[in-house]
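Chemist:
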Amino acid sequence: MNLYIKNSNLQKLNASLGIWHDINMLTFCNSSVKNISGQFQGKLNSIILPSVELSRIDAGAFLKINLRSLNVSNNNLTTMPQISSRPLRKFTLDISGNDKMWCHSVIELIDQLGDRLNFSNKNKTLCVSSQKYDWFNSTETMPLVQVVVLKKLKQYCPRTETYECRCEAYRLEIVPGQFPTNLARVDCSGQNLTALPPILPPNTHILNVSNNNIKSIDALGIGETYQDIRHFYADNNEINSISGLEGSRFIQNFEILSLRSNKLTSIPIYFLSNAFSDINAVGRNVKLGGNKLNCDCSTAQELKVWLVINKASITDYDEVLCSDSKKVVHLKVDDLCVVAKDWTYYISYIITVEVSLLVLLISKVSYDYWIFKTKGYLPWPASKMPKLPCDWVCES
Numbered sequence: 000m001n002l003y004i005k006n007s008n009l010q011k012l013n014a015s016l017g018i019w020h021d022i023n024m025l026t027f028c029n030s031s032v033k034n035i036s037g038q039f040q041g042k043l044n045s046i047i048l049p050s051v052e053l054s055r056i057d058a059g060a061f062l063k064i065n066l067r068s069l070n071v072s073n074n075n076l077t078t079m080p081q082i083s084s085r086p087l088r089k090f091t092l093d094i095s096g097n098d099k100m101w102c103h104s105v106i107e108l109i110d111q112l113g114d115r116l117n118f119s120n121k122n123k124t125l126c127v128s129s130q131k132y133d134w135f136n137s138t139e140t141m142p143l144v145q146v147v148v149l150k151k152l153k154q155y156c157p158r159t160e161t162y163e164c165r166c167e168a169y170r171l172e173i174v175p176g177q178f179p180t181n182l183a184r185v186d187c188s189g190q191n192l193t194a195l196p197p198i199l200p201p202n203t204h205i206l207n208v209s210n211n212n213i214k215s216i217d218a219l220g221i222g223e224t225y226q227d228i229r230h231f232y233a234d235n236n237e238i239n240s241i242s243g244l245e246g247s248r249f250i251q252n253f254e255i256l257s258l259r260s261n262k263l264t265s266i267p268i269y270f271l272s273n274a275f276s277d278i279n280a281v282g283r284n285v286k287l288g289g290n291k292l293n294c295d296c297s298t299a300q301e302l303k304v305w306l307v308i309n310k311a312s313i314t315d316y317d318e319v320l321c322s323d324s325k326k327v328v329h330l331k332v333d334d335l336c337v338v339a340k341d342w343t344y345y346i347s348y349i350i351t352v353e354v355s356l357l358v359l360l361i362s363k364v365s366y367d368y369w370i371f372k373t374k375g376y377l378p379w380p381a382s383k384m385p386k387l388p389c390d391w392v393c394e395s
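Sequential numbering from 0 applies to the sequence shown in numbering that gives the first Met the number 0.
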């Protein structure tokens, strides 16, 4: 039997009354029910109480009935009553519009019912979260979606038969005009990983994969679940290149990139320079110390200067090394940039001398010919030179 009650005004609904025992569904329309006290019993499995100004339900009001659905939307509830977990069936709950509902009360219900709990109007459901900071307390309205993600953080935490990462919510991000977002921190350090985890929890803000055997971090630039990472720690791995991060969302938005003691042989300063100069660069920090680079003339001329210029962002700039363990900032241009002698500089002088001698020779021959024609003899030293076969031809 279903019971519909319209246009009623109740300060308190007594759930212990026997009139409810044989009812399957109880619905209040255009009514006011401020409080529910006592405990329902019997066959009741569906209760619909939307927009009835309901502000309080006794904690055990629903414990003795097997509810399948409960609609208490658009009311003034701050906490949820306990729901019977017997039998093991799906339970549909609509608490949208209760904007003063405490998130911890919703989380307790999720803990109790797990996957059997199904929320109606999930995108319209909000709750209030209490946050304690170093010097003040704050209450923020959060969407239910964020609460569910927060609760299921461990479910999405990377794990296999060979490793298990640690995941936790560490901060509530508050952006004006938007609902707060719970940010996650994932710690996969010291797990003998050879690659980055394929999937991360939603809203992962910090990822630590230090002390592993990872060779490539390309997933940081292209992985769909890596898009929200701002702090990335990958010290003591086998990473040999960061070129895959060029143009990625991570490079555009990161705050910390720590790659100490890896196997980088070069540093692509062309896109890191852009990361330090854009409008989001304030407070960015990169750590590259302990990497042993292939140093050459350009290292001494360009990279050394770049490290010093950006030492505010590269805090361990003086710990970046060459393959021979010399510090890059101590390199001298004269030691690495030895210029080979350019012999073309001397060739130009030789050509000049040869041309001058040729001009002088032509001039001397012309002069001797003129003297011979006008005065009948050859001047010295032409007269002393031995005659050649061609001279006899000329004399004849």
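Glycine residues also receive a C-beta, built at the ideal position from the N, C-alpha and C atoms. Quick caveat: nothing in here was measured; it's all calculated off a predicted structure.
Quick one: complete beta strand (DSSP E) runs, 3+ long, within the segment 151–183?
Modeler: DSSP runs (the beta strand (DSSP E)) wholly in the segment 151–183: 165–172.
Chemist: Cβ of SER36 within 8 Å of Cβ of ALA14?
Modeler: Along the sequence shown, read from residue 1 onward, the residue named residue 36 stands at position 37. Along the sequence shown, read from residue 1 onward, the residue named residue 14 stands at position 15. In this structure, ALA14 lies closer than 8 Å to SER36 by Cβ.
Chemist: Kindly identify the DSSP beta-bridge partner or partners of CYS28.
Modeler: Walking along the sequence shown from the start, residue 28 turns up at place 29. In the DSSP output, where bridge partners are listed per residue, CYS28 has LYS5.
Chemist: Pick helix, strand or coil for GLU139, following the three-state DSSP scheme.
Modeler: To locate residue 139, count along the sequence shown from 1; it is residue 140. Three-state DSSP puts GLU139 in a strand.
Chemist: Which residues does DSSP pair with LEU320 in a beta bridge?
Modeler: Within the sequence shown, numbered from 1, the residue matching residue 320 stands at position 321. Note: LEU320 sits in a beta bridge opposite LYS291 and LYS326.
Chemist: Below 8 Å on the Cβ atoms is my contact criterion, and I expect SER72 with SER95 to pass it. Report the Cβ-Cβ distance as a whole number of Å.
Modeler: Stepping through the sequence shown from its first residue, residue 72 is reached at position 73. Stepping through the sequence shown from its first residue, residue 95 is reached at position 96. Right, the Cβ-Cβ distance comes to about 5 Å (below 8 Å), so this counts as a contact.
Chemist: Which residue from GLU353, TRP369, MET24 and ALA299 puts its Cα closest to that of ASP333?
Modeler: Residue mapping note: residue 333 aligns to position 334 of the sequence shown, counting from 1. If we check each option's Cα against that of ASP333, ALA299 comes out closest.
Chemist: Taking Cβ positions, are GLN40 and ILE64 nearer each other than 8 Å?
Modeler: As a first step, residue 40 must be located in the sequence shown, where it is residue number 41. As a first step, residue 64 must be located in the sequence shown, where it is residue number 65. Cβ distance < 8 Å, so GLN40 and ILE64 count as in contact.
Chemist: Provide the residue span of the beta strand (DSSP E) that contains SER54, from first to last.
Modeler: Walking along the sequence shown from the start, residue 54 turns up at place 55. Neither: SER54 is in no beta strand (DSSP E) and is coded neither H nor E.
Chemist: Rounding to the nearest angstrom, what Cα-Cα distance links GLU107 and GLU172 in this structure?
Modeler: If you number the sequence shown from 1, residue 107 lands on position 108. If you number the sequence shown from 1, residue 172 lands on position 173. So the alpha carbons of these two residues sit roughly 23 Å apart.
Chemist: Considering only DSSP beta bridges, list what ILE47 is partnered with.
Modeler: Mapped onto the sequence shown, residue 47 falls at position 48. Bridge partners of ILE47: THR26 and ASN70.
Chemist: Can the beta-carbon of ILE198 be found closer than 8 Å to that of ILE216?
Modeler: Taking the sequence shown and counting its residues from 1, the one referred to as residue 198 is at position 199. Taking the sequence shown and counting its residues from 1, the one referred to as residue 216 is at position 217. Not in contact: ILE198 and ILE216 (Cβ atoms no closer than 8 Å).
Chemist: Which residue wins for smallest C-alpha separation from PHE231, given the options SER242, ARG259 and LEU43?
Modeler: Here residue 231 is taken as the residue at index 232 of the sequence shown, counted from 1. Of the candidates SER242, ARG259 and LEU43, the one whose C-alpha sits nearest the C-alpha of PHE231 is ARG259.
Chemist: Can you tell me whether ASP133 is helix, strand or coil according to DSSP?
Modeler: Locating residue 133 in the sequence shown gives position 134, counting from the first residue. Unreliable placement is indicated for ASP133, whose pLDDT of 41 sits below 50; the coordinate value is still reported in the next sentence. If DSSP states are grouped into helix, strand and coil, ASP133 belongs with coil.
Chemist: Tell me the DSSP secondary structure of CYS336 in three-state form.
Modeler: As a working mapping, residue 336 is identified with position 337 in the sequence shown. Reduced to three states, the DSSP call for CYS336 is coil.
Chemist: Leaving out five residues on either side along the sequence, give the residues of the same chain with a beta carbon under 6 Å from the beta carbon of LEU12.
Modeler: As a working note, residue 12 is residue 13 in the sequence shown. Answer for LEU12: VAL32 and ILE35, listed in chain order.
Chemist: Cα separation between PHE270 and LEU244?
Modeler: Here the question's residue 270 lines up with position 271 in the sequence shown. Here the question's residue 244 lines up with position 245 in the sequence shown. Cα to Cα, the separation comes out at about 9 Å.
Chemist: Taking the DSSP output, what are the residues bridged to PHE61?
Modeler: Here residue 61 refers to the residue found at position 62 of the sequence shown. According to DSSP, PHE61 bridges with ILE82.
Chemist: Between which two residues does the alpha helix (DSSP H) carrying LYS262 extend?
Modeler: Position 263 of the sequence shown, counted from the start, is the residue given in the question as residue 262. Looking at the DSSP string, LYS262 is not in any alpha helix (DSSP H), and its letter there is neither H nor E.
Chemist: Thinking just about the alpha-carbon of each residue, which of CYS187, GLU167 and LEU195 is nearest to the one in PRO201?
Modeler: Counting from one through the sequence shown, the residue named residue 201 turns up at place 202. Nearest of CYS187, GLU167 and LEU195 to PRO201, Cα basis: GLU167.
Chemist: Measure the alpha-carbon distance for VAL327 versus LYS291 and round it to whole angstroms.
Modeler: Taking the sequence shown and counting its residues from 1, one reaches residue 327 at position 328. Taking the sequence shown and counting its residues from 1, one reaches residue 291 at position 292. Rounded to whole angstroms, VAL327 to LYS291 spans 9 Å at the Cα level.
Chemist: Starting from the C-beta of LEU43, find all residues in its chain whose C-beta is less than 7 Å away, skip the five residues before and the five after it, and write them out in chain order.
Modeler: For the purposes of this step, residue 43 is identified with residue 44 of the sequence shown, where counting begins at 1. Excluding positions up to five away in sequence, the list reads TRP19, ILE22, ASN23, LEU25 and ILE64.
Chemist: Mind reading off the beta-carbon distance from LYS396 to LEU330? Whole number of angstroms is fine, and I expect it under 8 Å.
Modeler: Missing from the structure shown is residue 396; the chain here goes from 0 to 395 and no further.
Chemist: Anyone know if the C-beta pair for PHE61 and LEU92 falls short of 8 Å?
Modeler: Counted from its first residue, the sequence shown places residue 61 at position 62. Counted from its first residue, the sequence shown places residue 92 at position 93. Contact: no.
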